[in-house]
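Residues 4 to 104 (the numbering used here) are what the sequence shown spells out, left to right. We treat Cβ as the ideally placed atom computed from N, Cα and C, and that holds for glycine. Working notes for the structure below.
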Amino acid sequence: MEVGFMRSTALVTVSLPQALARQAEKVAKEESRTKSELLREALRLYIDTREARQTIAKRQLFDLIDRVQERANRESPTRMRSLVGEAVKAVRGSGQKRRLG
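Here you go:
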């Protein structure tokens with residue numbers, strides 16, 4: 004009967020451009036760390052930063068919704084449909100750089 008063991012880590016193979024691989028090697032050596040430790044830290048930092056950006060984006064979206072609701076109370080339904088249409092086009096990347104309103 005074969006007795007195996009469970010790894011507490013996952014083995015991942017990553018391809019890097021040569022220049023980036025050399026930089027990673029240099030930084031790891033300067034900091035007396037392995038490349039794995041360096042990449043783990045970089046990935047953790049990226050994930051934390053990404054989560055922070057998402058939190059900020061959600062907050063900005065809710066602020067925008069609040070402003071739209073406030074404006075909807077002041078504008079005519081026709082004008083609001085026009086503004087919403089412009090906003091949708093802008094979000095979809097239609098290239099419009101015009102400021103709404």
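Measure the beta-carbon distance from ALA31 to LEU41 and round it to whole angstroms, keeping in mind my assumption that it falls under 8 Å. 5 Å
For LYS29, I'd like the list of residues in its chain whose CB is within less than 6 Å of its CB, leaving aside the five on either flank, ordered along the chain. none
May I have the straight-line CA-CA distance separating ALA27 from GLU44, to the nearest angstrom? 12 Å
So, helix, strand or coil for PHE8, using DSSP? coil
In this structure, does DSSP put VAL15 in helix, strand or coil? coil
Looking at the structure shown, is THR37 part of a helix, part of a strand, or coil, going by DSSP? coil
Let's see if you can read the secondary structure: which residues bound the alpha helix (DSSP H) around SER85? 80-94
Inter-residue spacing [alpha-carbon to alpha-carbon] between VAL17 and GLN63: 35 Å
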